[in-house]
Every structure is written in C-alpha cells, then in structure tokens.
C-alpha cells in the first residue's frame, strides 16, 4: 500500500507549514515565520519567499497572516470585539506593506452560497459592510474625509447562478474599476478545532479549487489586473480529518502516559500523518461516510465571525472609523 | 421624443392607457389594444406603434402584456397554478413574436433589494429559477433535449453594493454573453387593488426611474446589445394614490346613487384625475405623509407571485417543462 | 344616512382622547392628561379615572403612557438609543407606580404572527429579551444581584397553532407562576404617521378584539390573577383611515389658505370625522379596497422598534442593566 | 428499573439493539423485532415487551418503529414523496395499534430551538402542519368530514424562554385538552450515516435527557395523562462517535482484506465498542474536541425531513388527506 504520493491539501498556510515542519523537524528554506500572542489571540505571519518554499508547502509565494482564537466559539462578546480590533490593525498594516494607498478604491467580494450556512460567510460579511462607493460617484464633494470608496457584492455560486463567480466578479471589476479586490471565502479545515476560530489573510488571491463550493476559476492579479487579498475562515472539516486528528491525539496521549502506544494503536502509530489520512479516507469514502461536517451551532458561529470581519474591514478601510469602536458600524 | 409634460407617472402601460382614454373618451392613435378574459385572469395586450402613441401614453413604443388577477391575493393555490400556466403560455408566445430562438441563451436578472420585502420580488424569482447554463458550459453533451442555457443573478441595489445594478448587469452580460435578458422588477402602482395582483411583460427594457429603489441607469437593447424583456409587478402604492382613487370611487358611488356628488365632494368632483392627485400630493408631501405602502400580508403575497413567475419562466424557457405542471419545479 | 352611531375604534388612548377632545372642545371629566417633550420624544400620560371618562373615550379605566417619536422611521441610531432609554425610564416608573416589587417575577408575552412582518413585533421583542428565570430556578445562589426572574414566550396566533393565544398564555402562567405579565402587541393605527413611531404602555391588559390578528380572548388580571401591562405599537393602518385623515389635512390646508374649503371639499368639509370615516368605509369596503397597509420599509422599522422595546425592558426589569447602555444587551 | 449501568447512550432503539445483539451474538429476551424493506426504505419494528428487554437495551418498554433511508440526503424528490407516504402509512397503523380513535384530538409539539438549524426540526414540522382545532372550536358544524382537531405548538427551549418546555407543554395540554400528544425532536445519533436519514416513532414519550438541547423534564403519559408519541430524527453526532465508528469500519475493512488487523489497529482492534468509545472520549473531551457536528448541508436536509414528517402527519391524522398526495399540503 503506497500512501506516500498523497498530497496534503489544506487552505491554510499555517497548517501546511506545521505539517511540513513536523515531517522535516527543521526550518523550511524560503519560508519565514513570525508568531505573537496576546490575550488569547495568536497571530502568525508566514512569508513564502521562494519557489522552493512554495513547493515545500504546496502554497503560492506570498504573505499570509493567521489569527487563531481558540476561545472564539465561546460567545464572549468582549473577546469578539478584541478580535475585530486586532484584525483591523493587522489588515491595515497588511495594506500598508502591500503599498495600497489610503484612497485606493476597494471592492469586497463575498464568495459562497447564502443558502448553505457554513458557506454563507462571504455574503454575510458583505451584508455588514459599510459601502461608500456610490457617495463618491454621486456626490463626491459631500463625502467626509476619512472614508474611501468601498463597494461590495456577493456573486453567488455556480449551482445557483449558472455562471462562474469568477466571471461575474471579472465583469463587475471591469465596469466598476476598483484598485483592490478583497475576497472573503469559507474554507475546509484540517482540524475541527480551527473551524470558526481561525482567520487567514493572504495576498495571493483565490485559486481554482480553493475553499468549499464551486469556484473553479480564480480571482488573481493575473486575471483581474489588480491586487487581490483573500480572507478565509475554515467553517467545515472532513469526517476523515476528524478521525485522523483524533488518532494523532490518541497517539500523543498514550505515548505520554504509557510508552506502549504501539500496542494500543498498532500500525496506525507508525504511519506518517498523510499516509494515515489516506488510509482513513480509503475506508470512509467508498461507504459515503467522508462527509464535510460543521459544528451544531454553526448559525451563531458564522454570524459572529462575519461580524468580526465586517467590523474589522470597516475600521481598516476607513480612517474615520476607530479601531476601538468597530462594532458599532455593523448590525 | 419629449415625455416630460406627462403628469401621471405609472409603470404600467395599462394604467397609462386607461388614464388617457378616460380623458379623451376616444381611441388613442398609434396604440392598439386587445383584451381577453378567462376564469378570473384578464390578459390585455397593448402595442404602442408610433411616436404619437408613445407620447400620448408617456410610455416607450413596444409590446406590453398585462395579466390582471384580482383574486390573486386570496391564497387560492389552484388559481395560482392557472396563472403560472397562463403566464408561461403568454410569455412563450411573446418570445416567438419577438423572434427569440428556442435555444437563445437567457440571463434572468432579479432587480431589487432582498432585505425589503416589497422590493424582493426579483431576487425571489431568481432563487426559484431553474438554472442550466453551467451544464451547457461544463458538459454540453450530456444536457437532455428540451432545455436551453439559462442563468440568473440578483445584482442588489445601489445602497447595498455601492455600484449601480445596471453596471453590474452590464459587466455580467459582457462576460457570460447571453442572447436575451429578462429583468424582473417590483413596481409602484397607481391603484391599491393592482398591488400583487397584476403582472406586466414588456419588450422595452428597464428605463431610468422605473420601479422602486435605486436603478437609475437603464437595462436596454441600446446599452446591452441584446433584447431586454421586463417583467414587472406592482407591489407598493403611494398613500396619495390611495386617497385619490378613493375620492374617485366616492365620486362614482355618489354620482350613481344621488346625483348630488357636487354637494358632497365639492370641487374635488370637477377636477381631472391628475389635477386632483396633484392637489392631494400638495397636501400630504410636506407633512411627510405620502409614504409608499404595501398590504400587511406582503410577505406571503410576494412569495406567491415570485413562485408564479419563476414557474412560468421555467415552463416558457424550457420545452421539456410542461406548462401543465410548472409548479413542481420551484420550491 | 345616519353616521352618528359609528364608534371610533382605536387601540391608542391618545387617539381616542384627541378625537373626543376635538368634538367636545373641552376637557373630558374623569380623564387626566399630562404631556412632556424632550428632544423629539413626546411623552403623554393619560389616566382614565372614572367610568364616565372610560365611557367617553371608549377605553378601559387605567394608566396609559404614550411615547411619540415622529422621526423614529429615519434610521437615526442615536435617536433609537435615546428612545430605548426614555422607554426604560418611563417603564420603570410605571412599575413603581403600580407597586410592582423589584423582584417580582415577570413573564413577557410576544403576541402576533412571526410570519407576517407587521404582526411580528411581539415575537421579535421576546427574541431579544434577556431571559433569566431558569438561572433562578436551577442555580438560585449563583445569580448576581440586580437581576430578577424574567421569562418570555411567543404563543403564536390561532391560525398557526389552532389554539387561542390567551389559552396558551393562561396555561403557561399557571405552570410558571409569574407575578406580572407584560404583553407586547402590534396594533392598527388611525393615522399613517403613527405607524412604527408610537409606543403605548397601559396597565389594562389585552382585551378581546384589540390589535390585529386573532386574539379574541383577553389577557387581563381578572382572567390570569396577576397584573397585565400591555405594550402596543401601531404597525398597520386601514386604507380608509389614510383617506379620511388626508381629507382632514386637505380641510385644514384649504381652510387656512383660502377660506373656501366648503367649495373645494363639499359636504366632506362639514361632516364630523367619524361620519366621514364611515362614509369612506362605505365606499371602499364593498370593493375590497379597505386593506390594512404598512409602509414599504416595514422589515426594518419593525426590527428597530422591537430592539428599542427589548432594550428598554431589559434595562427597566434588571437593576444591573444600565439605562444608559441598554443597546448592548440585544442583538 | 435501573438503567444507570448502561454505557452507550443512544436515542434510537435500533442502535441500542444492534449494539447489544452484536455483543451477545444472540436474540435478546423480551425484545421482538421485525424488518421489511421496500425500494430504499427499511422499516424496523422493535417491541420491548419485558423489563428484562428494557434493561438489556437501556430503553423504555414500548413500541418503536424506525424508517431508514440511506439515500434521503440525495435531494431526490420522488424518494422524499415515497418516504412521506410510507411514514404516513406506518404512523396511521401505529395509531390504530395504540387504540387511538379517528377523532381523537391531537396536539403536535415541535421541540427544539428554531435558531439552531440542526435543532429546528420540531418547530419546522409544526410550521408545515395542517392545523384544524380552531375550526372545530369556532364552527364545528362547518368542518368537512375526514378531518380531526389538530393543534400545534413550538414551545422553544429553556435558554430562550426561561421556562422548561415540558412545563409550557403541560400548561397548554391542561388548557386545550388534547387526547394525544405527538412530540417531534431532533436527536443525537451514534452514526454519521444516520444523520438526517432515519426517523424513529415510539409510544414512550419524551424522557429527561433525550435529544439535544435543554429538555430535562419529560413529556409522558404519567405526567400529562394522555398518550405521548415521540417522533425523533438524528440530526447531529459527536465527533468521538465518528472516530469510533471509523475505527470500526477500518477493523472490518482490514479484517476482510488482510487478516492482519491486529497489527494495523493494535489494541483498538480487540476492545469492545463501548470501551473503545470511552477511550476516544477520554482523549477528545479534555481537549474540547468532542463537539456535536452536523453535515455541511444541514439547512436543506432539515427542511426536507421536516416536510416529509409534516406531510406524513397531515395524511395520517386526516382521512380526507390522501397518502398518495401528501406533499401538496405543505409548503
């Protein structure tokens, strides 16, 4: 049974790096990481600098920022406010690093299907966004200082519209001529604990096959002619991933306590993570049991995270909106 | 063609014609009408053939079909099915008369704001539409005969997206290249009894200022390069219109019964309809009382009509879908 | 044509008083009124002290407080916060005047149909209520000071449940044994400008036939054995009422400007308000045109008012919740 | 009867029986089973006849019917109609066997939280129910033959109302005096493949701790004085259960193919199912990873199953509604 060819697919640079680091046990050439943590919010910055780094992680070269907030599902509104503020600060700095000007016109695209709760993150963010482009178009003299032109659309998914969302976005970009595109998308995670607790910001756009749902054509600078920042949140996980992670936890658990995990877990103990996942998939898939699942409380979790991202974007995109009071601008 | 002198604004050709006919008491040159009625469904076809006819009615030259179903608010599901079937038949004939081919690619655009119930008709129709374009794009060999490529989008309104819906539609048309555009829109009526009981089909597109909400740029053949059929349903009415119509009803009522309406209604009795409406507006507007209103049961009415139109379109656009069983294809 | 027997039905004591005052041109014996106004919020307190007063107004003896906020439909969130705070202050004082203790157990009942937007006010308030009774039941020692036991239910309407909502509430009261019942209900107004801008608080309970929808049995102290405070908001208005009010405005308008309103309005000018309304209804009803209507933006208006009432109740019922910061406790 | 020693908790009698049968490898005394299958719908009837049988399965004595439809998540509307029809037939027979008369008054209670999609099954069923009790109360002479008095309520959950749902139901039962109570509830499953594919009918009522959410007091004949039929559908599953089942599938898989599962799975292979589940929970719970999860498409699945149950109930409860055409009576 040859499992070695199995490629670890993850939408998060963080997970790719962890997975590769674990195997190698050493730093990855061409990949630079930086971690900070503050009151329950862990911020990891990963720069993939070279083609070698990109090949090693299976991710595009670019800048990735990840906010991890394990307690985010705990309905703590203070924590939510702090995450929105932190997100706004990091996003603003990200824009500066990319050289995006304070008055650059922004189009925010909420990808995903509003009828499928775990896939509705993008549309929900757009719904809570402070949209201003029309004021600049219709009465430019009357717009207060500290705002920039922001527009927002939720293009739907292929099964609902019959048109690739990337084609719809391309058409809207050509007509409305933004300087920057921000695309929000729900992702599949490799770990149940990351679902609805992690936010990734990346400057690499949206690539075919990323995320859940039907978005096969990409949204990238090459295609659209403007920079594309992708914001992603894992909202679902494969059953096989839960199983695989759990076996891993059992491995650590029994490894620590008894030194006899070999007896308890058999060959499962000695397989590499990817091989084991492949094994689990091999068993579950033919039985139709490798479903994508989401936590029972998904309605509330998605709404909370959408509010955090919308609040954070409102504060990051408009100087007149204070990062200390971002929550007031969303519903 | 200067329509600016026209006083009474209505989105329905039928109302314009009735209003003008009443004043003139004679046929209107350049306007041809045809009426039929069948089991509670009245179908009126108005062709505006000449610039004179257009000027007289204050409407664009073109073909207009109106279905009036006074009992449509009565929650009678048999009647709803019959209206869907009649709509499908009339729409199919309309396509044939316009020379639209059986395989013409169609984009259905649901205009309006999904957060405002009386303005959500268009988005709701699109939600219930049978969308097929992606099958033709991805696996053209496997599509059963009797279907054509249909796609559907709800572009939102200016206040929500920051972009004119006409710009969004234009971008999508350029990318997805349909042969025909069908635009669904909620209208303001001149009569409370027409609200949610009347459907207008017209081949003239959507013009600036039509309908409710923010749709200032048009969707027309001139702009988009393809024919545009507009489907409109009155879902709201101005308070001033209700008042004006009621005075009219009082006029008929007392006219018939007593011959002394002059005493009862005073000068209101002798004013022409438009003058009287101006008078009412003159009084209500400064007080902020000329609101757009909708019947209390708007949620249910809008859903019912959206189902009728979606069912009718599904049957009219796809030969494989039987007009006798249209309801099965929507939610 | 005898119109004199026509009884003016209104759910608002304020409207009844205004109507009677206008006719009489003098104070009404047994009725005491008090008005104050502050930054766009007008508070009127009407005490109906005697059976004569009750008979004159056609309302039950009791205390009535009305908040009128003409600008409330203007989406001004500062104003909304001030109204919530004012509502909380008035409601708290109302409880004190009625001798309701700080720890009295409260059941809040949201009457109405959640599927019909203008009738969904009650259920929406309950949805945003801070409910605490279960903490007192399950872990009484751990409840922080400053809270009282509050529970909330939305019993639905007869057409949805098959059971009178009053029977459902009676059953719940007998089991859960609150000391006070607060019932929230949507009302029909006699004036379009009061729709979604006026809140009435009264200590008289809910009586058969009040409000819109099916609530024929009452919720009163006689039936339930505990005091019942009713909170009502007009959310709909009859078309006939709009017409009648408009004629009244025209009367004032032309009366002021020309002194010849008799010529303009004919007999309409000399009729008493009730007679005129009766006349209008006589014309509209047989034609099926006397619909209950609501402003086009009803979705947003209802949500805003429900938030105001829920915020206000949360602050008024729990000492630990600050009236200056009530908004934080609702969605 | 002490059930406390029972390790594997499941809400389905079927799962309990399978689990016990597997261990024992023989028939269970006091438990009678009967299975039939027809075009993708498997119907299992389990009668627990004696206290011994009850103790063995850890379930109350009574009649249990389970419909298993593995393909039910496949969006096949023909299959959905057939399941509704089969459900109606089985439910009608169940009523007859219990000696419930054709005119017995029925109260349907939709347990669960309408704000949490996987817990909203009960409220959704009630929303689609044909409610008739009020016609019998208000105009008994005019009700067509073939109908019986049916009412329906969704009492909410403790965290939303502050009152135990059982208390609310008890109060409503005392006031509205039904002869039979039918309670609909979402359950936790022991297998991901049963989520939204299985329906259980049982005559044992609702017992403390069953289902998901807060329903600690029961709904039983002892408490309410009338028979209580429970209809349950598994809509969520614990992550630990997915892991445990997957290990089981791996066990069968490698057992069949290689005979060397001992080497592959180590001690996991030799543990009994319950011991293994305990082991998995022991590892996952302290890490907060034993979440309740639901398939990504939960919105659609729940709506489909709610329609099936509502359609089936409408046909089973009213003779005038044909089991061959049940779908027409729901939305």
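Protein chains in written order, with the numbering used here: chain A, 836 to 1166; chain B, 836 to 1166; chain C, 836 to 1166; chain D, 836 to 1166. For glycine and all other residues, C-beta sits at the position ideal for the given N, C-alpha and C.
Residue pairing of residue 867 of chain A in beta bridges, as defined by DSSP: A:882.
Counted as a single uninterrupted DSSP element, the stretch harbouring residue 898 of chain A is not any alpha helix (DSSP H) but the beta strand (DSSP E) occupying residues 897-903. Distances from the CA of residue 864 of chain D to each of D:851, D:883, D:870, D:871 were compared; the closest alpha carbon is that of D:883. In the three-state DSSP reduction, residue 953 of chain B falls in the helix class (H, G or I).
Between residue 868 of chain C and residue 852 of chain C, the C-beta spacing is below 8 Å. For residue 895 of chain C, no Cβ of chain B is located within less than 8 Å of the residue's own Cβ. Around the beta carbon of residue 938 of chain A, fewer than 16 other beta carbons sit within 10 angstroms, so the residue counts as exposed. Contact annotation: residue 1014 of chain A and residue 898 of chain A have beta-carbon atoms that are not nearer than 8 Å.
A straight-line Cα-Cα distance of about 50 Å links residue 1150 of chain C and residue 1083 of chain B. One finds 1006, 1010 in chain D with Cβ atoms closer than 8 Å to the Cβ of residue 1005 of chain C, taken in chain order. Contact note: residue 1074 of chain A reaches chain D through 1027, 1077, 1081, using a C-beta cutoff of 8 Å and chain order. Secondary structure note for residue 1020 of chain D: its beta strand (DSSP E) is the uninterrupted segment 1015-1024.
Contact note: residue 967 of chain B does not reach chain C at a C-beta cutoff of 9 Å; the least C-beta distance is about 32 Å. When rounded, the separation of the alpha-carbon atoms in residue 846 of chain A and residue 1079 of chain A is 17 Å.
Within the region 1120-1146 of chain D, the residues whose Cβ lies closer than 8 Å to some Cβ of chain A are 1122, 1123, 1124, 1126, 1127, 1128, 1129, 1130, 1131, 1132, 1133, 1134, 1135, listed in chain order.
DSSP places residue 981 of chain B outside both helix and strand once states are collapsed to three, so it counts as coil. Per the C-alpha coordinates, the member of B:1067, B:1114, B:921 positioned closest to residue 1086 of chain C is B:1114. The beta carbon of residue 855 of chain B is closer than 7 Å to those of 863, 891, 892 in its chain, skipping five residues each way along the sequence. Nearest CB-CB separation between residue 952 of chain B and chain C: below the 8 Å threshold.
Contact with chain B is found for residue 996 of chain A, since one of that chain's Cβ atoms lies less than 8 Å from the residue's Cβ.
Residue contact check for residue 904 of chain D against chain A: no CB pair falls below 8 Å. By a beta-carbon distance limit of 8 Å, residue 985 of chain A does not contact residue 1145 of chain A. Their separation comes to about 11 Å.
Between residue 998 of chain B and the set A:993, A:1008, A:1000, the nearest pair of CA atoms involves A:1008.
Listed along the chain, the chain D residues whose CB falls inside 8 Å of the CB of residue 993 of chain C are 969. For residue 978 of chain A, no CB of chain B lies under 8 Å from its own CB, so it is not counted at the interface with that chain. Here the alpha carbon of residue 994 of chain D sits roughly 55 Å from the alpha carbon of residue 1062 of chain B. For chain C, the residues of the region 979-990 of chain D that bring a beta carbon within less than 9 Å of one of its beta carbons are 984, 985, 986, 987, 988, 989, 990, in chain order. DSSP, read as helix, strand or coil, puts residue 931 of chain D in helix. Per the coordinates, the alpha-carbon of residue 1001 of chain D lies some 18 Å from the alpha-carbon of residue 943 of chain C. Assignment of residue 1012 of chain D by DSSP, reduced to helix, strand and coil, places it in the coil class. Contacts between residue 1071 of chain B and chain C, judged by CB atoms closer than 8 Å, involve 1131 in chain order. With contact defined as three or more Cβ pairs closer than 8 Å, the region 894-909 of chain B and the region 1028-1045 of chain B are in contact. Taking the beta carbon of residue 1118 of chain C as reference, the chain B residues within 8 Å of it are 1081, 1084, 1085, 1088, listed in sequence order. Look at residue 1115 of chain C: its C-beta is under 8 Å from a C-beta on chain B. Looking at the backbone, the Cα of residue 1059 of chain D and that of residue 934 of chain D are separated by about 18 Å.
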